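Scroll down for the structure; my scribbles are underneath it.
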Amino acid sequence: MVEFLSSTRKLGAGEFINFRPGLFHKTTALQNQTVVLEIESPDCKQDLVRLEDSAGRVSSRIEAPLPKLNQNQLFMIDNFRAVFDGVTSVPICGLGVSLRYFGHLEGCFKEDGSLAFLMVLEGEVRTNDTYLMEKPQRLLGPGDVIGVRNLMRMRHVIDETAFDISGILFEQNYGVKS
Numbered sequence: 000m001v002e003f004l005s006s007t008r009k010l011g012a013g014e015f016i017n018f019r020p021g022l023f024h025k026t027t028a029l030q031n032q033t034v035v036l037e038i039e040s041p042d043c044k045q046d047l048v049r050l051e052d053s054a055g056r057v058s059s060r061i062e063a064p065l066p067k068l069n070q071n072q073l074f075m076i077d078n079f080r081a082v083f084d085g086v087t088s089v090p091i092c093g094l095g096v097s098l099r100y101f102g103h104l105e106g107c108f109k110e111d112g113s114l115a116f117l118m119v120l121e122g123e124v125r126t127n128d129t130y131l132m133e134k135p136q137r138l139l140g141p142g143d144v145i146g147v148r149n150l151m152r153m154r155h156v157i158d159e160t161a162f163d164i165s166g167i168l169f170e171q172n173y174g175v176k177s
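First residue of the sequence shown? That's 0 in numbering that gives the first Met the number 0, and the numbers climb one at a time after it.
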């Protein structure tokens, strides 16, 4: 259940809500079966300054300097294009969670019927020239979440020459490398 000032929305299994950029919110998992992930952007918040807020703060930094990685953080994203050595997947509630960069659609995902899904952090996926549009259209961008099976079903309309995204991949069957 997600509560807003004017309404409440109940989420079912596998559903999600994207909060618009800049929206300050509190998130709490009220049930054991619920996992709440907060993806913060930009990763460098030291240059963000609030003009004024209800607590009386004026012209002060929004965030203190980021702490070192702790048990409440999966990973800190210093560079979306970085390829991580060592641990590539973190287990959370039976899912493998990993930061990935995909320069090509071909070979990115196995068509094995897995229940993996991808949250796009950077880059875009657009339609190709053969799709019946006057110009390429945006299919996916930062903040969008898609099941891998659905992404593969859309393969025939995706511009694979411009496919270049970074994201967080959630996989049902995962291996932890160290």
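Each residue gets a CB set at the ideal place from its N, CA and C atoms; glycine is no exception. This structure is a prediction, so every number in the text was calculated from the model and none was measured.
Taking C-alpha positions only, F169 is separated from F116 by approximately 5 Å.
Annotation: the continuous alpha helix (DSSP H) that includes R148 extends over 147 to 152. Here the C-alpha atom of L94 lies approximately 5 Å from the C-alpha atom of Q171. E133 sits in coil when the DSSP states are folded into three classes, being neither helix nor strand.
Beta-bridge partners of S97 (DSSP): L168. Secondary structure at E14: coil, using DSSP grouped into helix, strand and coil. In this structure, I164 lies near E121, with their beta-carbon atoms less than 8 Å apart. Distance from the CA of E159 to the CA of R56, rounded to the nearest whole angstrom, comes to 48 Å. Apart from the 5 residues on each side of it in sequence, M118 sits with its Cβ closer than 6 Å to the Cβ of V144, G166, I167 in its chain, given in chain order.
Per the coordinates, the alpha-carbon of T126 lies some 25 Å from the alpha-carbon of E14. The beta carbon of D128 sits closer than 8 Å to those of P135, D158, all from its chain and outside the five residues before and after it, given in chain order. By the neighbour-count definition (other C-beta atoms within 10 Å, threshold 16), L139 is a buried residue. Taking a 10 Å sphere around the C-beta of L104, we find 16 or more other C-beta atoms and assign the residue as buried. Counted as a single uninterrupted DSSP element, the beta strand (DSSP E) harbouring F116 occupies residues 116 to 125.
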